[in-house]
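A.B. asks: Okay, so the sequence shown: first residue is 5 according to the numbering used here, each after it adds one.
Glycine is no exception: its CB is placed at the ideal position from the N, C-alpha and C atoms.
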Amino acid sequence: MVYVVNGRSIMNSGAGKPPEFNPWAGKPVSQRKKKLVHVVARIGDVRLREPLEFVDSLIEEVTDRTVDAFLEQVKDGSWATGGWPQTFTDYSISKLAVNAYTRLMAKKFSYRPEGEKIYINCCCPGWLKTAMTGWEGNISPVEGPDTAVWLALLLDQFVACKFFAERREINF
Ligand SMILES: NC(=O)c1ccc[n+]([C@@H]2O[C@H](COP(=O)([O-])OP(=O)(O)OC[C@H]3O[C@@H](n4cnc5c(N)ncnc54)[C@H](OP(=O)(O)O)[C@@H]3O)[C@@H](O)[C@H]2O)c1
Numbered sequence: 005m006v007y008v009v010n011g012r013s014i015m016n017s018g019a020g021k022p023p024e025f026n027p028w029a030g031k032p033v034s035q036r037k038k039k040l041v042h043v044v045a046r047i048g049d050v051r052l053r054e055p056l057e058f059v060d061s062l063i064e065e066v067t068d069r070t071v072d073a074f075l076e077q078v079k080d081g082s083w084a085t086g087g088w089p090q091t092f093t094d095y096s097i098s099k100l101a102v103n104a105y106t107r108l109m110a111k112k113f114s115y116r117p118e119g120e121k122i123y124i125n126c127c128c129p130g131w132l133k134t135a136m137t138g139w140e141g142n143i144s145p146v147e148g149p150d151t152a153v154w155l156a157l158l159l160d161q162f163v164a165c166k167f168f169a170e171r172r173e174i175n176f
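Below you can see the structure in the form of structure tokens.
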């Protein structure tokens, strides 16, 4: 059983163009092995991702602490000088958190006995021409799910806790 999470269900190719249904989003796409693919985004800020990068040493408290610190600074108005990204700030923190929590979940499920394992990975679809980018990306919405589908269906090794883009494992 394979799910692709966070993918768009309706693909809109641009203003004035009719929306198309994305057959992959949120749907089970294979019955062979249990796999889960989270669609997230690459985090460019090395300093931000560093404490959350290494899955072997990653613990929930570190992720909670990073997210809580950001929320606190947003509440008291001090986030701008807190070392967070100055652009796409909330988007970056939310993606960082989804990525880190996904890795924690992936680690837990990869320890299960054979037959009960769930292979969970993250991927970045690239810079897409969708509503999110105001259709300014360089990849069409049809090509966007390529790595997610490859992870779910085509990659014949069973890997977990990894991050992929353009069908390659990359750093978070
Ligand atoms: N576009 C890029 O360049 C890019 C780059 C890196 C990563 N990503 C990631 O790829 C994924 C898809 O991005 P996209 O470009 O296709 O974005 P999009 O065009 O803005 O579509 C976002 C999708 O999420 C749904 N959605 C938003 N808020 C939701 C909520 N609270 N509950 C349930 N569904 C919700 C929207 O539903 P409605 O249509 O009903 O509003 C829409 O189908 C996202 O996770 C995004 O962060 C995108």
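1) Helix, strand or coil for Y123, going by three-state DSSP, please let me know.
2) For ligand 1, is there a heavy atom less than 6 Å away from the beta-carbon of M109?
3) Assign K166 to one of three DSSP states: helix, strand, or coil.
4) Should V59 and A152 be called a contact, given that it needs their Cβ atoms to be closer than 7 Å?
5) Out of I143, N125, K133, N142, which has the shortest C-alpha to C-alpha gap to W154?
6) Is any non-hydrogen atom of ligand 1 found closer than 6 Å to the C-beta of C128, if you look at the structure I gave you?
7) Could you tell me the boundaries of the beta strand (DSSP E) in which L40 lies?
8) Provide the residue span of the beta strand (DSSP E) that contains I174, from first to last.
9) Considering N142, what are the terminal residues of the alpha helix (DSSP H) in which it resides?
C.D. replies: Let's see:
1) The residue given as residue 123 occupies position 119 in the sequence shown. It is a strand residue.
2) Here residue 109 refers to the residue found at position 105 when the sequence shown is read from its first residue. Checking every heavy atom of ligand 1 against the Cβ of M109, none is found closer than 6 Å.
3) If you number the sequence shown from 1, residue 166 lands on position 162. In this structure, K166 counts as coil in the three-state DSSP scheme.
4) By one-based count along the sequence shown, residue 59 stands at place 55. By one-based count along the sequence shown, residue 152 stands at place 148. Contact: no.
5) What you label residue 154 is simply residue 150 of the sequence shown in a count that begins at 1. With distances taken between Cα atoms, W154 lies closest to N125.
6) Numbered from its first residue, the sequence shown carries residue 128 at position 124. Yes; taking the cut-off as 6 Å, the Cβ of C128 has a heavy atom of ligand 1 nearer than that.
7) For this step, residue 40 is matched to residue 36 along the sequence shown. That run of the beta strand (DSSP E) goes 39-43.
8) Within the sequence shown, the letter at position 170 stands for residue 174. Per DSSP, I174 belongs to the beta strand (DSSP E) from 172-174.
9) Position 138 of the sequence shown holds residue 142. That residue, N142, is in no alpha helix (DSSP H); it is neither H nor E in DSSP.
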